[in-house]
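**Student:**
In this note's numbering, the protein residues as written are 709 to 807.
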């Protein structure tokens, strides 16, 4: 359950930061690593927020429908590769919006 809560907190932070405070937290933390235009930062922020929501839902599904051993293996060997794959899939968009 803890991964679900953490992923929901990350998603909410990204969404609320952009929606209510007009602050893109990904840009704030990664502006020295990536030089993107505003549309690129906005897309990246939204994609990560939705990905965190996806991970939270997926974690809940696995936790509630599978054995504890399967769930632990999913947390260790499933979430990390999914995150790497998702990150890799963001590279074309990042390259497209580079300044």
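The beta-carbon is built from N, C-alpha and C at its ideal position, and this holds for glycine as well.
Which residues in the same chain have their Cβ closer than 6 Å to the Cβ of residue 759, if we skip the five residues on either side of it in sequence?
**Tutor:** The residues are 794.
**Student:** Between which residues of its own chain and residue 753 is the CB-CB distance below 7 Å, once the five residues before and five after are set aside?
**Tutor:** Cβ within range, chain order: 722, 726, 732 and 734.
**Student:** Give me the residue from 781, 715, 748 and 792 with the minimum Cα distance to residue 802.
**Tutor:** For residue 802, the nearest C-alpha among the options comes from 748.
**Student:** What are the boundary residues of the alpha helix (DSSP H) that residue 719 is part of?
**Tutor:** Segment 710-728, the alpha helix (DSSP H) holding residue 719.
**Student:** Residue 784: buried (16+ other C-beta within 10 angstroms of its C-beta) or exposed?
**Tutor:** Its Cβ having fewer than 16 others within 10 Å, residue 784 is exposed.
**Student:** Go ahead and label residue 744 buried or exposed: buried means 16 or more other beta carbons lie within 10 angstroms of its beta carbon, across all protein chains shown.
**Tutor:** The residue is buried, with at least 16 neighbouring Cβ atoms inside 10 Å.
**Student:** Look up residue 735 in the DSSP assignment and say whether it is helix, strand or coil.
**Tutor:** Reduced to three states, the DSSP call for residue 735 is helix.
**Student:** I'd like the list of long-range same chain contacts for residue 709, defined as Cβ closer than 7 Å, with 5 residues on each side in sequence excluded.
**Tutor:** Here the set comprises 771.
**Student:** May I ask which residues mark the beginning and end of the alpha helix (DSSP H) holding residue 760?
**Tutor:** Per DSSP, residue 760 belongs to the alpha helix (DSSP H) from 746-773.
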